[in-house]
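Position one of the sequence shown corresponds to residue 4 (my numbering), numbered consecutively onward. Idealized CB from N, CA, C, for every residue including glycine.
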Amino acid sequence: MMLPSATVCHYAVPWMPPPSNLSKSMATVKYPPYMVSQTANGAASGPLADMTNASGDGVFQWSTQAMHRPVGSPNDQQLPFAECFSRKVFIGGLPPDIDEETMRAVFGRIGAVDVDWPHKNRTGYQFPPQGYAFLIFESENSVKQLIKNCLADKDKFYMPLSSVSGTQKMVQVRPWKLSDAHLLLDRKHQADHRNTVFVGGVPRPTTAAQLAALMEKKFGGVCDVAIDVDNDHKYPKGAARVSFTSRRNYVAAVASRFVSFSLCNTDNKQMEVKPFMLECAPCDRCETTLTRHFCASLHCLSYLCVSCWMQQHTGPLSCHKPMVKNVVEHTRQRRHTHQTAPMSP
4 MMLPSATVCH
14 YAVPWMPPPS
24 NLSKSMATVK
34 YPPYMVSQTA
44 NGAASGPLAD
54 MTNASGDGVF
64 QWSTQAMHRP
74 VGSPNDQQLP
84 FAECFSRKVF
94 IGGLPPDIDE
104 ETMRAVFGRI
114 GAVDVDWPHK
124 NRTGYQFPPQ
134 GYAFLIFESE
144 NSVKQLIKNC
154 LADKDKFYMP
164 LSSVSGTQKM
174 VQVRPWKLSD
184 AHLLLDRKHQ
194 ADHRNTVFVG
204 GVPRPTTAAQ
214 LAALMEKKFG
224 GVCDVAIDVD
234 NDHKYPKGAA
244 RVSFTSRRNY
254 VAAVASRFVS
264 FSLCNTDNKQ
274 MEVKPFMLEC
284 APCDRCETTL
294 TRHFCASLHC
304 LSYLCVSCWM
314 QQHTGPLSCH
324 KPMVKNVVEH
334 TRQRRHTHQT
344 APMSP
């Protein structure tokens, strides 16, 4: 029997504007050379501003010697340098007319960097259309240096950035700590895929600890949370896995289908909750046959081989439809989706 396929959803990435008091404090800050762009004649043109000189060749330099940091910048003791960062960094609130070349020139002074944004290769735009982009550094040390060059407001980082036209804005710099991708809450309970849910549409800044707190409050019994990250840069993909200590908590989460989540005072985001599926698992009924077929109905929520499926799904349960996990290989990443499929021996 042929069954319909599931719908794939896409989610935008929000950014947080800088606090008003941070912008006011900038007026009194004396910026060191590493945050001041310079023309070919050596004349400073402002903090990371006016990347072009009179001839328009955009020549400027970043000092590599030790400098005093701006007021409000984190010191070495505050930065978690013992932890590893993703080489991919979100930068939001960009000037509307800043282009890829300018960003490469500015951030390339820290280290070799690529600039990317969603659908960049398909659209051919030179300007990030949604006001944000991703910096992809070759070295993690460049990410640490970038953070050191930022102004800090609690756990958020900002820096002034100007486009070629002179439009200057405070942009948000959002690094990702690799340690934020996983949280083990209960060492007594080993994560069981049969009590694990897949959460889709997770805002990318969300840490495992934040998601764990939300799911614990909603359903209780959370024992393990893992944020899905890409293979290349270990950066969040917008999905996660949450494991529970009991079947009761797991079923409650699956039954909810959606949970709302507000991060950093942003609008509520709807995250989808559904059973986490393996590509292949032992049949939950006979426990001897490996199968790909999963019944996602709340009455079942189990893996069943063809024979056991036919035995169990009779009468009122005959309307249940088998599902399999389809793994689609992309050039840069693996994207996991659920789809229904025909039963076959």
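May I ask you to list the residues that DSSP assigns as paired with residue i?
i, result
"M218", "The partner list for M218 (beta bridge, DSSP) is empty, contrary to what the question assumes."
"F264", "K272"
"T199", "S246"
"Q171", "S165"
"K91", "I139"
"S305", "C298"
"K277", "F201"
"D156", "K159"
"P239", "V232"
"D227", "L187, S246"
"V116", "F140"
Under the three-state reduction of DSSP, which class applies to residue i: helix, strand or coil?
i, result
"A323", "Note that residue 323 is His in the sequence shown, not Ala. If DSSP states are grouped into helix, strand and coil, H323 belongs with coil."
"D183", "helix"
"L293", "strand"
"T351", "Lying outside 4 to 348, the shown extent of the chain, residue 351 is not represented and no answer is given."
"M162", "strand"
"N234", "coil"
"V205", "coil"
"K147", "helix"
"S259", "helix"
"A284", "strand"
"P121", "coil"
"R190", "coil"
"R177", "strand"
"G318", "helix"
"Q133", "coil"
Tell me whether residue i is buried or exposed, calling it buried when 16 or more other Cβ atoms sit within 10 Å of its Cβ.
i, result
"N252", "buried"
"M326", "buried"
"Q213", "buried"
"S168", "exposed"
"S321", "exposed"
"N152", "buried"
"L301", "exposed"
"C283", "exposed"
"R190", "exposed"
"R125", "exposed"
"H122", "exposed"
Could you give the C-beta distance for residue i and residue j, rounded to a whole number, given that I count them as a contact under 8 Å?
i, j, result
"F264", "K277", "Rounded, the Cβ-Cβ distance is 16 Å, inconsistent with contact."
"V225", "F247", "6 Å"
"I101", "L138", "Not quite, the Cβ-Cβ distance comes to about 13 Å (not below 8 Å), so this is no contact."
"C286", "C308", "4 Å"
"E165", "P98", "With the sequence shown as reference, residue 165 is identified as Ser, and Glu is not the correct amino acid for it. At roughly 7 Å, the Cβ-Cβ gap stays under 8 Å, so S165 and P98 are in contact."
"A199", "V245", "The question names Ala, but residue 199 is Thr in the sequence shown. Sure, about 7 Å apart at Cβ, within 8 Å."
Cβ contact (3+ pairs, closer than 8 Å) linking the region 137–151 and the region 88–104: yes
Inter-stretch contact (C-beta, 8 Å, three-pair minimum) for the region 215–235 and the region 283–303: no
Segment contact flag, the region 163–174 with the region 214–222, C-beta cutoff 8 Å, min 3 pairs: no
Sufficient close CB pairs (3 or more, under 8 Å) joining the region 99–115 to the region 255–263: no
The region 236–248 in contact with the region 199–207 per 3-pair CB rule at 8 Å: yes
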